[in-house]
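Protein sequence lines, in the order shown, are assigned to chains A and B.
Just so you know, we're using this note's numbering here: the first sequence kicks off at 1 and counts up by one.
Just so you know, we're using this note's numbering here: the second sequence kicks off at 10001 and counts up by one.
For each residue, glycine too, the CB sits at the ideal point set by N, CA and C.
All remarks here apply to the structure that follows.
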Amino acid sequence: MAALQEKKSCSQRMEEFQRYCWNPDTGQMLGRTLSRWVWISLYYVAFYVVMTAIFALCIYTLMCTIDPYTPDYQDQLKSPGVTLRPDVYGDKGLDISYNVSDNRTWVDLVHTLHTFLAGYSPESQQDSINCTSNEYFFQEKFMAPNHTKFSCKFTADMLQNCSGLVDPNFGFAEGRPCFVIKMNRIVKFLPSNSTAPRVDCAFLDQQKDAQPLQVEYFPPNGTFSLHYFPYYGSKAQPHYSNPLVAVKLLNVPRNTEVLIVCKILADHVTFDNPHDPYEGKVEFKLKIQQ
Amino acid sequence: MVKKTLEIYSVELSGTKDIDQTDKGDGKEKYRGLKNCFEPKKNHQKEELKKELDLDDHKLSIKELEKKYGTNIITGLSSTQAAELLAQNGPNALTPPKETPEIIKFLKQMVGGFSILLWIGAILCWIAYGIQYSMNKSSSLDNAYLGCVLALVVILTGIFAYYQEAKSTNIMATFNKMIPQQALVIRDSEKKTIPAEQLVVGDIVEIKGGDRIPADIRLLSVQGCKVDNSSLTGESEPQARSSEFTHDNALETKNIGFYSTTCLEGTATGMVINTGDRTIIGQIASLASGVGNEKTPIAIEIEHFVHIVGGVAISIGILFFIIAVSLKYHVLDSIIFLIGIIVANVPEGLLATVTVTLSLTAKRMAKKNCLVKNLEAVETLGSTSVICSDKTGTLTQNRMTVAHLWFDNQIFIADTSEDHSNQVFDQSSGTWASLSKIITLCNRAEFRPGQESVPIMKRVVVGDASETALLKFSEVILGDVMEIRKRNHKVAEIPFNSTNKFQLSIHKTDDPNDKRFLLVMKGAPERILEKCSTIMVNGQEQPLDKSTAEAFHTAYMELGGLGERVLGFCHLYLPADEFPESYSFDVDTMNFPTSNLCFVGLLSMIDPPRSTVPDAVTKCRSAGIKVIMVTGDHPITAKAIAKSVGIISANSETVEDIAKRLHIAVEQVNKRDAKAVVVTGTELKDMSPEQLDELLTNYSEIVFARTSPQQKLIIVEGCQRQNAVVAVTGDGVNDSPALKKADIGIAMGIAGSDAAKNAADMVLLDDNFASIVTGVEEGRLIFDNLKKTIAYTLTKNIAELCPFLIYIIVGLPLPIGTITILFIDLGTDIIPSIALAYEKAESDIMNRKPRHKKKDRLVNQQLAIYSYLHIGLMQAVGAFVVYFTVYAQEGFKPSILADLRVEWENGNVNDLEDSYGQQWTWYQRKYLEWTGYTAFFVGIMVQQIADVLIRKTRRNSIFQQGLFRNKVIWLGIASQIIIALILSYGLGSVTALNFTMLRPQYWFVAVPYAILIWVYDEVRKLFIRLYPGSWWDKNMYY
């Protein structure tokens, strides 16, 4: 294979490359004449236009088959996730620490809560209705204006001491901080059979001899009233706001990091998925310094 | 004793002069041949050889020799002397070619073309992981895993390839196990049989007919000894040996016997003058290692492929790096993207697939008697454009066989097929009865006893080639020859003799009423005719007149012109009154008549072509492969065989033929008119390389005759200068440099020497030329099928890469993960891509020209573009549809997915809203993402089924090819589906694998795309078939 072993010099290679880029003998650029380039480009343009059209058609058909109000499957949403406000994340999950005496360390936390609860001001809830029943609020028909369904009001003042209205510092300044627990929305999800779902917070590693966590729940009992369920999706209930439960931790030991878990106790809410730490419960680290 | 027995068979009629010339020339020529091939080699080798050739032992007298080697020709060496010398010089054996250490062989498997690509990929992965880790301690391990998997693939494939090679080496090793050679040596005044390995310089050895000469020996006394030097000089005629110094050149003188040559007959005593590697053969064998191994065409193709894939990978990578940076991605992130894109382009499974495919073909070839030593050589044979073939044993059966008879003024054709099954010539004539008697009786050859159950043609015979032929011929026709001989008791005999040029014996006849003795004689036709005064026609004796003599000459010329050895037969019934039963015949005084005999007939013999060879040569011709015959034999014989097997086709002529036909001088013939040419070694020796090039280009049918094995190297190099891929067959030690130099060296399994087998890339187990052609067919098929395999494998690369690109640019949740991609590349796709190796040829691949080394690439632009930009893109689109379907039905409509990447991947966002306002935790999203992976995976898998089906053919419709002819494809498809089902439903719960149980309907979402792919490809093929050579054909045919 003597011929293949001939090493071409660099200048030869360059020359060959130049010739490839522009061959004056045949008028070829990059191996094709101009008209050939036009042809091949046209072919590819046509090919891709057709492919795009087919793709668009597929997606269009797909969209046509999809119910705008209810997702076809909720394979992953068997049980709602739970989130916490204020939400400051460390390396591993929620990690909140502040110094009672240094208000710079907690002003951001308070600010987060204020911003979050801004969505629950009476003004932003004005499109929702007042609900009082303790039953599920089933709506088969679209009775609300603009072919929607009614949403129940949840205003910040329902959180009483943790509403930020009574104590704008949410108890952070006194070392008894408020946290807001929110359950994720799932379309047509019914949390329990008859009793309202309830939030229950405790130390994660409760020692027998240690004092249990004392919590004050708002609204009282820490329940999500059943009339906020079921959720009919953002198209049917554009004004829906998640119900909230605020927890005021009363006896958090100082200068030590504690692990706190808040679970939702309801018949259809599970909190024992080993893979998902936010399903049906929320865990967070808390360290209050003094 | 019998001297020069075989010279009697000389076929030369007009060309005695010619023979003399070549004979004279031979010495110089061979010497030159040797020198030519040594010259470019390392200097010290040349020096050593010179010294060896200057060897003057043949010139010394016996006394001087005894002095030089401290030995005595009567008593030999003493045992202690011998032991000392043995310790000093080492055993008398060729050092086997330096074995590459196993570990080096193993490592070599790990770093060839493809493997390099995978290694680079693995290292890039680790680099990417390093970067990620330094940025974020809890970063995903995907890249580290991928790196490990890539490394593992290389190592496992390497082990497999190594194992394959080791296996074929083992088969080789069984050949090498020959019975240790023994030598009869005189030591301590005693004759002893010792292993030939223990011979030392100065030993006195005795050799006899049938022995291999155990070392280079100076002959001291000789009784009718003839040797076959063909493995050294290429001279196929037996060479007489004597104890006299006849030539200055050691290679030419008659008093030297060379190591590894065979003593055909007679006996001789000689003194060992060189042992082991210091023998002439030993030195030539060591030369082979000096000729570098060439890169195989498939290695070059794979390198080219790696360049293409690498080019594509790096350019896409850099393009998207720039895009990523301009999209305000972090530079380190962009680098990880860059690496990810490059690695995504690496076809992880292809190395394993190609290796398995090649070894499957190698296995298939081994069944057809081509044992491939180096997997890559499988394809080399397919791209072969020139085959330089030996004649004896490869093209021919390697045994003399009666081909024609002439009696009753008629030429009869004898059956020369391998089993002599039907001899159809007229056997009713009385002349035949007489002739058959002479053939039977005037013959010294005998079957070895105890072979009654063996077919006649396969029995072992003691005797020379011609007599063997005659014996077998008569045994087939007449039955038990030994019995006939017994009934016709032999009373006297004169064996062959170069001066008489005849053989004669006198027998009592088996007719109890006839008391006459029968004198039978055979020999050189013209000598026999001289002794005759009558001729037998139709069983009747007639006076030999001019016209019958004329007829004899015509027949003799005709048979001689066919390259056959012609023998004349005559007999005489001795008158009972002059030679009574008690008459004592004396062969020395010749007290019986040897003239005025009755001429009976002529018989001619040839080493006939193997019956499969003409077909094979025709196949080669239609396959555009030039078959060049290179033989040490005589030009006329060579040409005759070339003609009969079709190397010189029936209607083409040499310059000499034209001259003869037109009755003009050879010089006047226009050389362009001749297609064929017969070149002798002498002519070749005088040619400049340019002249040789011209010869090789101008003539399509070339026969090299009277060449030495060294000249083979020159011929091979000449062909390679024409850019041809050259296959060379060889058996002798001397062939090994040519075997090494050739693109594919083919050694003979039966006749081949170990050195030749070592130097070769392939071993023909049955020595049959036709096997080479089946090998070529397999080689071409594998090239086509590798194309299909690579096209199949490359296609899904785009479908795997696109998601990543879209992920970077549009910010969708990642559609398919690294581990999932690995499960496609190394899981579902492996068996289908191997199954393509079982695909039958689309059209007669033996009707195509051999592929052009530089133009017909394994992976060409069209293949890459069609796979990447057409089918690959369709696959990507199809898989994306499945992906979007899954996401949309779970709540994420395509519109919301765009630019969702950052939030989606953020573990701290646990209330991400979907299109319905539902809120998702990170793990819920992750699980959906894995469902997306599985969906995308299934989408690709389904479309790969269509892909493997369309890849069955490149030009023909699938229906022309037969959808179910290749059952393995369906096995592959079944494996694809089963693996996917297991991954999704069986391992769907193992989170580390990122598979989930996919709803059954999603398996069918991509089916319309699979059908679209198939239809598109059918249309492509249809247009290619309808408009060959058109724009479409040029751009779409790969």
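Leaving out five residues before and five after Y10866(B) in sequence, what residues of the same chain have Cβ atoms less than 6 Å from its Cβ?
Here the question's residue 10866(B) lines up with position 866 in the second sequence. Taking C-beta separations shorter than 6 Å and ignoring five residues to either side along the sequence, the partners of Y10866(B) in its chain run Y11038, following chain order.
Closer than 9 Å between beta carbons: that is the criterion. Which residues of the segment 10241-10272 of chain B meet it against chain A?
Sequence-ordered contacts of the segment 10241-10272 of chain B with chain A are nonexistent [C-beta pairs closer than 9 Å].
Residues near C10802(B) in its chain [Cβ-Cβ closer than 6 Å; skip 5 each side]
Counted from its first residue, the second sequence places residue 10802(B) at position 802. Excluding sequence neighbours, C10802(B) sits near A10876.
Is V187(A) closer than 9 Å to L244(A) when the C-beta atoms are compared?
The residue you call residue 244(A) lines up with position 244 of the first sequence. The residue you call residue 187(A) lines up with position 187 of the first sequence. No, these two residues do not count as a Cβ contact at 9 Å.
Strand pairing of S11042(B), partner residues [DSSP]
Since the first residue of chain B shown is 10001 and the last is 11038, residue 11042(B) is not available in this structure.
I need the straight-line Cα distance from C58(A) to V50(A), nearest angstrom please.
Sequence index remark: in the first sequence, residue 58(A) carries index 58 (1-based). Sequence index remark: in the first sequence, residue 50(A) carries index 50 (1-based). Looking at the two C-alpha atoms, the distance is approximately 12 Å.
Touch test, the segment 10434-10449 of chain B against the segment 10478-10488 of chain B, Cβ-Cβ under 8 Å, three pairs minimum:
Short answer: they touch.
Are the CB atoms of R10848(B) and G11029(B) nearer to each other than 9 Å?
Sequence index remark: in the second sequence, residue 10848(B) carries index 848 (1-based). Sequence index remark: in the second sequence, residue 11029(B) carries index 1029 (1-based). No. Outside cutoff.
Beta-carbon gap between L10360(B) and Y10838(B) smaller than 9 Å:
For the purposes of this step, residue 10360(B) is identified with residue 360 of the second sequence, where counting begins at 1. For the purposes of this step, residue 10838(B) is identified with residue 838 of the second sequence, where counting begins at 1. In terms of Cβ geometry, L10360(B) and Y10838(B) form a close pair [threshold 9 Å].
With 16 other CB atoms within 10 Å as the buried threshold, where does A10268(B) fall?
Along the second sequence, one-based indexing puts residue 10268(B) at 268. A10268(B) counts as buried, since at least 16 other C-beta atoms from the protein chains shown sit within 10 angstroms of its C-beta.
If you follow the alpha helix (DSSP H) that E10418(B) is part of, which residue opens it and which one closes it?
Looking up residue 10418(B) in the second sequence gives position 418. No alpha helix (DSSP H) holds E10418(B); DSSP gives it neither H nor E.
Cβ closer than 7 Å: which chain A residues qualify as neighbours of N10374(B)?
Mapped onto the second sequence, residue 10374(B) falls at position 374. Listed along chain A is no residue with a C-beta nearer than 7 Å to that of N10374(B); the closest approach is about 15 Å.
Integer Cβ distance of V10859(B) from F10114(B), believed to fall under 8 Å:
In the second sequence, the residue the question calls residue 10859(B) occupies position 859. In the second sequence, the residue the question calls residue 10114(B) occupies position 114. Their Cβ separation, rounded to whole angstroms, is 12 Å, which puts V10859(B) and F10114(B) out of contact at 8 Å.
Suppose you measure from the CA of K10660(B) to the CA of E10526(B); what does that come to, to the nearest Å?
Within the second sequence, the letter at position 660 stands for residue 10660(B). Within the second sequence, the letter at position 526 stands for residue 10526(B). For K10660(B) and E10526(B), the distance between alpha carbons rounds to 24 Å.
Please list the terminal residues of the continuous alpha helix (DSSP H) segment that includes G10561(B).
Here residue 10561(B) refers to the residue found at position 561 when the second sequence is read from its first residue. Segment 10546-10561, the alpha helix (DSSP H) holding G10561(B).
Segments of 4+ residues assigned as alpha helix (DSSP H) that fall wholly inside the segment 10932-10972 of chain B:
Look at the segment 10932-10972 of chain B and you find these whole runs of alpha helix (DSSP H), each 4 residues long or longer: 10958-10961.
Within the chosen definition, does the segment 10757-10773 of chain B reach the segment 10601-10621 of chain B through at least 3 CB pairs nearer than 8 Å?
Yes, the segment 10757-10773 of chain B touches the segment 10601-10621 of chain B.
Which value, in whole angstroms, describes the spacing of the CA atoms of A10250(B) and T10729(B)?
Sequence index remark: in the second sequence, residue 10250(B) carries index 250 (1-based). Sequence index remark: in the second sequence, residue 10729(B) carries index 729 (1-based). The straight-line gap from Cα to Cα measures roughly 28 Å.
Out of Y43(A), M158(A), N184(A), D95(A), point me to the one whose CA is closest to W11031(B)'s CA.
Here residue 11031(B) is taken as the residue at index 1031 of the second sequence, counted from 1. Just measuring C-alpha positions, the residue of Y43(A), M158(A), N184(A), D95(A) sitting nearest W11031(B) is Y43(A).
Which of helix, strand or coil does DSSP assign to G233(A)?
Numbered from 1 along the first sequence, position 233 holds the residue referred to as residue 233(A). Looking at G233(A) - three-state DSSP - the assignment turns out to be helix.
Residue range of the alpha helix (DSSP H) that includes M63(A):
Your numbering for residue 63(A) matches position 63 in the first sequence. Per DSSP, the unbroken alpha helix (DSSP H) holding M63(A) starts and ends at 34-65.
Residues of the segment 10865-10886 of chain B with Cβ closer than 8 Å to any Cβ of chain A, in chain order:
For chain A, the residues of the segment 10865-10886 of chain B that bring a beta carbon within less than 8 Å of one of its beta carbons are L10869, H10870, L10873, M10874, V10877, F10880, V10881, F10884, T10885, in chain order.
Contact check, L259(A) vs L226(A), beta carbons under 9 Å:
Start at 1 with the first residue of the first sequence, and residue 259(A) comes out as number 259. Start at 1 with the first residue of the first sequence, and residue 226(A) comes out as number 226. Their beta carbons are not under 9 Å apart, which means L259(A) does not touch L226(A) by this criterion.
What residues from chain A crowd round Y10927(B), counting only those whose CB sits closer than 7 Å?
Within the second sequence, residue 10927(B) is the residue found at index 927, counting from 1. Neighbours of Y10927(B) on chain A, chain order: Q76.
Of the listed residues K10105(B), D10856(B), L11022(B), nearest to Q10960(B) (C-alpha basis):
For the purposes of this step, residue 10960(B) is taken as residue 960 along the second sequence, with counting starting at 1. Considering only K10105(B), D10856(B), L11022(B), the residue with the shortest C-alpha distance to Q10960(B) is L11022(B).
Assess, as a yes-or-no matter, whether the segment 109-118 of chain A is touched by the segment 215-230 of chain A under the definition of 3 or more beta carbon pairs within less than 8 Å.
Because the criterion of three Cβ pairs below 8 Å is not met, the segment 215-230 of chain A and the segment 109-118 of chain A do not touch.
Is the separation between the beta-carbon of T10355(B) and that of T10157(B) shorter than 9 Å?
Translated into the one-based positions of the second sequence, residue 10355(B) becomes position 355. Translated into the one-based positions of the second sequence, residue 10157(B) becomes position 157. Yes, the Cβ-Cβ distance between T10355(B) and T10157(B) is below 9 Å.
Check whether chain A comes within 9 Å of W11014(B), counting only Cβ atoms and requiring the distance to be less than that.
Against the second sequence, residue 11014(B) aligns to sequence position 1014. Interface flag for W11014(B) against chain A is unset, since no Cβ pair is found closer than 9 Å.
S10315(B) versus V10154(B) - alpha carbon distance
The residue you call residue 10315(B) lines up with position 315 of the second sequence. The residue you call residue 10154(B) lines up with position 154 of the second sequence. Answer to the nearest angstrom: the Cα atoms are 24 Å apart.
Alpha helix (DSSP H) runs wholly inside the segment 10734-10811 of chain B, at least 4 long, in chain order
Complete alpha helix (DSSP H) runs here, min 4: 10736-10741, 10754-10759, 10769-10810.
Anticipated Cβ contact below 8 Å, Y10923(B) with G10891(B), distance rounded
The residue you call residue 10923(B) lines up with position 923 of the second sequence. The residue you call residue 10891(B) lines up with position 891 of the second sequence. At roughly 15 Å, the Cβ-Cβ gap does not stay under 8 Å, so Y10923(B) and G10891(B) are not in contact.
Taking N10910(B) as the query, report the chain A residues whose CB atoms sit under 7 Å from its CB, ordered along the chain.
By 1-based counting over the second sequence, the position of residue 10910(B) is 910. Per Cβ cutoff of 7 Å: G81, T83, Y278.
Measure the alpha-carbon distance for L94(A) versus S10140(B) and round it to whole angstroms.
One-based indexing of the first sequence puts residue 94(A) at position 94. One-based indexing of the second sequence puts residue 10140(B) at position 140. Rounded to the nearest whole angstrom, the C-alpha separation of L94(A) and S10140(B) is 20 Å.
For I10284(B), write down the residues that DSSP places opposite it in a beta bridge.
The residue given as residue 10284(B) occupies position 284 in the second sequence. In DSSP, I10284(B) forms no bridge with anything.
Residues from the segment 10689-10715 of chain B in contact with chain A, defined by Cβ distance under 9 Å
Listed by position along the chain: nothing, the set is empty.
Secondary structure at D11033(B), three-state DSSP: helix, strand or coil?
What you label residue 11033(B) is simply residue 1033 of the second sequence in a count that begins at 1. Here D11033(B) sits in helix by DSSP.
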